[in-house]
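Novice:
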Amino acid sequence: PNGVEIKETEIRGEKSQGMICAEDELGLGHSHEGIMIIDKGKPGQSFASYLKLDDIIIEVDNKSLSNRPDLWGHHGLAREISAILNTKLKEIDFSDISLGATVQKKGKEVSELKPLDIKIENYNLCPRYMAIKLDGIEIKESPSWLQERLIAVGLKPINNIVDITNYVMLDLGQPLHAFEAKNIAKIVVRSAKKDEMIKTLDDKDRKLEDGQLLITDGQKAIAIAGIMGSADSAISPETKTIIIESANFDAATIRQGSTKLGLRTDASMRYEKALDPLLTENALKMAVKMIQKDNKKVTIASGLSDLHQEFKIVPEIAFDLGWLDKIVGQEIPAAKSKEILNNLSFILTPTGKDQEGKETFSVKVPSNRATKDISIKEDLAEEVMRLYGYNNLSAKLPLVAMEVPTKNEEIILEHRIQTILAQESKLTEAYNYSFTSEDELKKLNLDFTNYIKLVNPISKQHTLLRQNLLPGLIGNVRTNQYRYDSLGLFEIGSVFLNVFGNLKKNSHSEERLPYQEKQVGIILAGDKNEIFGAAKSIVSNLIYSLISPQMETSFMPTDAHIGYSDKELKAGINVLGKNIGTIAKVSENIAKSNGLKKIVAMVELSFNELLKLAKNYGYKQYHATPKYPPMVRDLAFVIDAKILYNDIREALKNFNELITSVELFDVYSGDKLGQNKKNLAFHIIYQSNDRTLTAEEIDTIQTELINHLQSKFEAQIRNF
Numbered sequence: 001p002n003g004v005e006i007k008e009t010e011i012r013g014e015k016s017q018g019m020i021c022a023e024d025e026l027g028l029g030h031s032h033e034g035i036m037i038i039d040k041g042k043p044g045q046s047f048a049s050y051l052k053l054d055d056i057i058i059e060v061d062n063k064s065l066s067n068r069p070d071l072w073g074h075h076g077l078a079r080e081i082s083a084i085l086n087t088k089l090k091e092i093d094f095s096d097i098s099l100g101a102t103v104q105k106k107g108k109e110v111s112e113l114k115p116l117d118i119k120i121e122n123y124n125l126c127p128r129y130m131a132i133k134l135d136g137i138e139i140k141e142s143p144s145w146l147q148e149r150l151i152a153v154g155l156k157p158i159n160n161i162v163d164i165t166n167y168v169m170l171d172l173g174q175p176l177h178a179f180e181a182k183n184i185a186k187i188v189v190r191s192a193k194k195d196e197m198i199k200t201l202d203d204k205d206r207k208l209e210d211g212q213l214l215i216t217d218g219q220k221a222i223a224i225a226g227i228m229g230s231a232d233s234a235i236s237p238e239t240k241t242i243i244i245e246s247a248n249f250d251a252a253t254i255r256q257g258s259t260k261l262g263l264r265t266d267a268s269m270r271y272e273k274a275l276d277p278l279l280t281e282n283a284l285k286m287a288v289k290m291i292q293k294d295n296k297k298v299t300i301a302s303g304l305s306d307l308h309q310e311f312k313i314v315p316e317i318a319f320d321l322g323w324l325d326k327i328v329g330q331e332i333p334a335a336k337s338k339e340i341l342n343n344l345s346f347i348l349t350p351t352g353k354d355q356e357g358k359e360t361f362s363v364k365v366p367s368n369r370a371t372k373d374i375s376i377k378e379d380l381a382e383e384v385m386r387l388y389g390y391n392n393l394s395a396k397l398p399l400v401a402m403e404v405p406t407k408n409e410e411i412i413l414e415h416r417i418q419t420i421l422a423q424e425s426k427l428t429e430a431y432n433y434s435f436t437s438e439d440e441l442k443k444l445n446l447d448f449t450n451y452i453k454l455v456n457p458i459s460k461q462h463t464l465l466r467q468n469l470l471p472g473l474i475g476n477v478r479t480n481q482y483r484y485d486s487l488g489l490f491e492i493g494s495v496f497l498n499v500f501g502n503l504k505k506n507s508h509s510e511e512r513l514p515y516q517e518k519q520v521g522i523i524l525a526g527d528k529n530e531i532f533g534a535a536k537s538i539v540s541n542l543i544y545s546l547i548s549p550q551m552e553t554s555f556m557p558t559d560a561h562i563g564y565s566d567k568e569l570k571a572g573i574n575v576l577g578k579n580i581g582t583i584a585k586v587s588e589n590i591a592k593s594n595g596l597k598k599i600v601a602m603v604e605l606s607f608n609e610l611l612k613l614a615k616n617y618g619y620k621q622y623h624a625t626p627k628y629p630p631m632v633r634d635l636a637f638v639i640d641a642k643i644l645y646n647d648i649r650e651a652l653k654n655f656n657e658l659i660t661s662v663e664l665f666d667v668y669s670g671d672k673l674g675q676n677k678k679n680l681a682f683h684i685i686y687q688s689n690d691r692t693l694t695a696e697e698i699d700t701i702q703t704e705l706i707n708h709l710q711s712k713f714e715a716q717i718r719n720f
């Protein structure tokens with residue numbers, strides 16, 4: 001284990017194929033004073049058996065215990081196994097260990113010992129802190145039985161004090177820490193100051209971030225709470241007096257601190273699971289008893305310090321055996337359900353019977369399951385079923401009435417918007433994070449003071465919840481602008497306002513989540529000034545197709561402050577006199593500060609307002625299957641870029657009753673067309689309800705249509 005290679009060598013001229021090893025060379029201890037004497041071993045006996053290291057070791061993966069802090073100790077696992085096997089658990093008796101009635105003798109006088117001077121600055125970060133001072137300590141090797149048990153589970157023995165704290169942690173799941181008491185007059189649990197330093201037990205100097213939880217002596221840090229102690233307060237061979245800490249820390253704080261420091265320890269892995277605050281006292285009692293048993297001269301040198309706030313108690317849970325049968329899908333024997341819950345230490349108080357005569361209970365959750373595991377009746381159902389056995393359920397489908405699913409108007413509308421913008425307007429849908437940053441908003445000249453800040457952002461570029469879709473779409477254009485001459489993107493997503501909505505954070509809290517609503521964002525980017533007009537055409541077509549051809553879209557001048565917009569080219573979007581969004585050309589300065597090389601126009605629409613319009617004014621038309629075939633003609637022409645798409649569409653659609661559909665399939669603008677010009681290409685579908693149309697008829701109407709476009713819009717017809 002220590003890297004020494006065993007090989008053939010000569011000793012006094014004789015070849016030897018073996019090696020006589022000391023304890024440290026075998027990884028069984030620290031002694032190098034001499035060889036290990038095996039005086040009680042039997043010839044042929046396994047060396048592992050002689051050392052009692054042949055136990056069967058069961059390694060349990062962390063992932064299966066993430067929500068079970070009670071299973072991070074051997075006793076917790078024993079409790080679980082006893083419930084599974086329906087056998088009696090041998091509980092540890094802590095009643096004979098007293099830490100509070102300790103006294104010291106002064107001649108004939110007896111006086112109570114004073115507790116340690118301890119202060120907790122924030123009980124939310126440290127709900128409970130217990131400590132006691134022990135005198136008469138002698139640092140030495142642990143007894144062989146203790147070393148053997150630690151080695152068996154992969155821990156290296158250090159000395160009797162450290163080994164006992166590790167043993168208690170492994171047994172009960174509660175980490176402990178022992179300090180050299182010589183220079184500690186008081187203990188203050190506080191948050192670190194920015195750039196505060198500490199040298200940890202692994203002999204590394206670590207810079208602490210603001211908010212990291214510390215154990216201090218009132219001045220300097222003596223431990224990173226729940227993670228690792230400092231080298232300055234470590235016990236040494238000369239240590240005679242120690243302070244043993246048994247505490248309960250906020251799980252999220254320990255997790256964040258451990259992650260930021262890149263330092264995960266056996267203690268931090270347990271603390272971040274939300275330990276039972278009632279466990280601290282039993283762990284401290286067990287450690288003190290073991291230390292005094294190891295050394296009869298050890299005495300308690302202080303009163304017991306126990307600082308804590310009122311412990312959070314999970315309300316008793318109403319549990320109905322009839323309800324359990326319904327959600328499981330078959331009847332579970334009542335006696336079995338009660339037996340399982342009792343074996344898991346739940347306390348059941350009968351409250352009566354339901355309408356079907358099934359028993360009902362009020363269930364008290366044991367403290368070791370109440371920190372993050374059991375809180376609702378569904379949790380109790382899971383406890384019953386995992387021990388009853390899912391394999392014991394009969395394989396049959398429940399009888400459920402077939403019902404027509406409820407239509408979700410929001411999802412239907414979202415799909416329609418996606419179809420119109422993607423198929424008719426030829427835009428590409430984008431998906432972006434719901435986060436943004438102060439830097440992004442500054443570059444867009446948007447006020448970010450009222451944005452919601454994330455407590456634990458995934459990166460420095462994602463520190464705020466977005467209130468519009470613009471930052472993400474601008475980023476999409478910036479990333480892709482060199483690959484395409486022009487870009488057209490849209491996004492449908494939620495934005496988050498700094499007011500409370502109707503949704504609760506969870507079932508146990510009255511706190512509410514921020515109000516969120518959906519928006520539709522559209523962004524166009526190109527090299528020509530007609531971008532703003534093209535954006536208006538897309539909006540008009542969206543309302544035309546989504547709501548009704550009779551619904552007029554107005555673009556009204558607005559004085560509203562749109563931080564990123566051009567002073568002139570901005571407008572409110574009105575339908576039926578109600579504002580449903582804004583449209584604006586991004587100003588040159590904003591485009592430059594955001595690294596945009598193209599002319600950009602942005603549209604923001606309220607999804608909720610579109611939903612209201614669709615519900616109140618949208619229409620459905622049903623048509624019989626056509627009896628006669630359609631005929632298609634394609635038509636392409638160049639017009640002024642300022643002419644709206646909607647005006648062109650109306651002119652084509654209403655020109656002749658035989659024109660049943662008009663589909664835009666291409667839009668182009670470029671130097672070849674001339675300045676402020678655009679090319680539009682349409683599929684024009686002709687169809688009659690009473691006859692099959694002839695090519696001559698269609699050609700005649702098509703010629704008349706071309707003349708109409710040339711007259712009304714000065715269109716220049718292009719050949720395919």
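Positions 1 to 720 (UniProt numbering) are the ones given, in order, by the sequence shown.
For every residue, glycine included, the Cβ atom is placed at its ideal position computed from N, Cα and C.
1. Cα-Cα, which of G76, S64, E138 is closest to N368?
2. By DSSP, does K108 sit in helix, in strand, or in coil?
3. Since I believe A584 is in contact with I562 (beta carbons under 8 angstroms), could you give me their beta-carbon distance rounded to a whole number of angstroms?
4. Please determine if the stretch 345-358 and the stretch 309-329 are in contact, where contact requires at least 3 C-beta pairs separated by less than 8 angstroms.
5. Pull up the distance between the alpha-carbon of I522 and that of G493, whole angstroms please.
6. Where does Y482 sit, in a helix, a strand or coil, going by DSSP?
7. Flag this pair as yes or no: are the beta carbons of A287 and L176 separated by less than 7 angstroms?
8. Figure out for me which residue from E80, M290, F555 has the closest Cα to the Cα of residue 722.
9. Taking the alpha carbon of A131 as the reference point, which residue from D117, S537, A192, I137 has its own alpha carbon closest?
10. Let me see if you follow: with CB-CB separation under 7 angstroms, is L446 close to chain B or not?
11. Using DSSP bridges, identify the partner residues of Y129.
12. Flag this pair as yes or no: are the beta carbons of L208 and A225 separated by less than 7 angstroms?
13. Within the same chain, show all residues whose beta-carbon is closer than 6 angstroms to that of G18, passing over the 5 residues directly before and after it, in chain order.
14. Below 7 angstroms between beta carbons: does that hold for A283 and V168?
15. Would you kindly check if the distance between the Cβ of L413 and the Cβ of A614 is under 7 angstroms?
16. State the CB to CB distance for the pair R68 and D373, rounded to an integer number of angstroms; the pair is presumed to be in contact (CB under 8 angstroms).
17. With burial defined as no fewer than 16 other Cβ atoms inside 10 Å of the residue's Cβ, what is the status of I458: buried or exposed?
18. Using the Cα positions of K199 and S246, report the straight-line distance between them to the nearest angstrom.
19. So, helix, strand or coil for E14, using DSSP?
20. Given S486, which residues of its chain have a CB within under 7 angstroms of its CB, disregarding the five upstream and five downstream residues?
21. What did DSSP end up calling S258 once you bin it into helix, strand or coil?
22. So the candidates are E281, K194, M197, T216; which of them puts its Cα closest to the Cα of D93?
23. Using beta-carbon positions only, say whether I706 and R633 come within less than 7 angstroms of one another.
24. Using only alpha-carbon positions, find the residue among R512, A681, E697 that is nearest to I717.
25. What is the rounded straight-line gap between the Cα of V400 and the Cα of K338?
26. Any idea what DSSP makes of Q716, helix, strand or coil?
27. Here's a check: name, in chain order, each residue in its chain whose Cβ is nearer than 8 angstroms to the Cβ of T558, leaving out the five neighbours to either side.
28. Under 7 angstroms between the Cβ atoms of V586 and A535?
29. Closer than 6 angstroms by C-beta to Y171: which residues in its own chain qualify, once you throw out the five before and the five after it? Chain order, please.
30. Here's the rule: buried if 16 or more other CB atoms are within 10 angstroms of the residue's CB, otherwise exposed. What is M556?
31. Which whole-angstrom value is the C-beta distance of E530 and K672, which I expect to be below 8 angstroms?
32. Grab the span of the beta strand (DSSP E) containing S302 for me, first residue to last.
33. Quick check on the DSSP output: the beta strand (DSSP E) that includes V575 runs from which residue to which?
34. How about I244 and E272: do their beta carbons lie closer than 7 angstroms?
Specialist: Looking at the coordinates:
1. With distances taken between Cα atoms, N368 lies closest to G76.
2. For K108, the predicted model reports a pLDDT of 45, less than 50, meaning its position is unreliable; a value from the coordinates is still stated below. In this structure, K108 counts as coil in the three-state DSSP scheme.
3. Right, their Cβ atoms sit about 5 angstroms apart.
4. The stretch 345-358, when compared against the stretch 309-329, does touch it at the 8 angstroms Cβ threshold.
5. Taking C-alpha positions only, I522 is separated from G493 by approximately 11 angstroms.
6. When DSSP states are grouped into helix, strand and coil, Y482 belongs to the coil group.
7. The answer is yes: Cβ separation under 7 angstroms.
8. No answer is possible for residue 722: the residues shown for the chain start at 1 and end at 720.
9. If we check each option's Cα against that of A131, D117 comes out closest.
10. This model lacks chain B altogether; it includes just one protein chain.
11. Paired residues: A247, L307.
12. A225 is positioned such that its CB atom lies no closer than 7 angstroms to that of L208.
13. Contacts found: none.
14. V168 sits close to A283, with the two beta carbons spaced by under 7 angstroms.
15. Yes, they are a contact pair.
16. Confirmed, Cβ separation roughly 6 angstroms.
17. Around the Cβ of I458, a 10 Å sphere holds fewer than 16 other Cβ atoms; the residue is exposed.
18. Rounded to whole angstroms, the separation of the alpha carbons of S246 and K199 is 22 angstroms.
19. In this structure, E14 counts as strand in the three-state DSSP scheme.
20. Taking S486 as the centre and dropping the five residues before and after it, the same chain places the C-beta of A525, G526 closer than 7 angstroms to its C-beta, in chain order.
21. Per DSSP, reduced to three states, the secondary structure at S258 is helical.
22. Between D93 and the set E281, K194, M197, T216, the nearest pair of CA atoms involves E281.
23. The Cβ atoms of I706 and R633 lie no closer than 7 angstroms to each other.
24. Nearest of R512, A681, E697 to I717, Cα basis: A681.
25. Going by the C-alpha atoms only, they are around 28 angstroms apart.
26. Looking at Q716 - three-state DSSP - the assignment turns out to be strand.
27. Scanning its chain for C-beta atoms nearer than 8 angstroms, with the 5 sequence neighbours on each side dropped, one finds around T558 the residues K570, A571, G572, T582, in chain order.
28. The answer is no: Cβ separation not under 7 angstroms.
29. A small correction: the amino acid at residue 171 is Asp; Tyr does not occupy that position in the sequence shown. Closer than 6 angstroms at Cβ, skipping near neighbours: G73, H74, H75.
30. In summary, M556 is exposed, with fewer than 16 beta-carbon neighbours lying within 10 Å of its beta-carbon over all protein chains present.
31. Incorrect: roughly 15 angstroms between the Cβ atoms, too far for contact.
32. Unbroken run through S302: none, as it is neither H nor E.
33. Taken as a continuous stretch (DSSP letters only), the beta strand (DSSP E) holding V575 covers 565-575.
34. Cβ atoms of I244 and E272: not closer than 7 angstroms.
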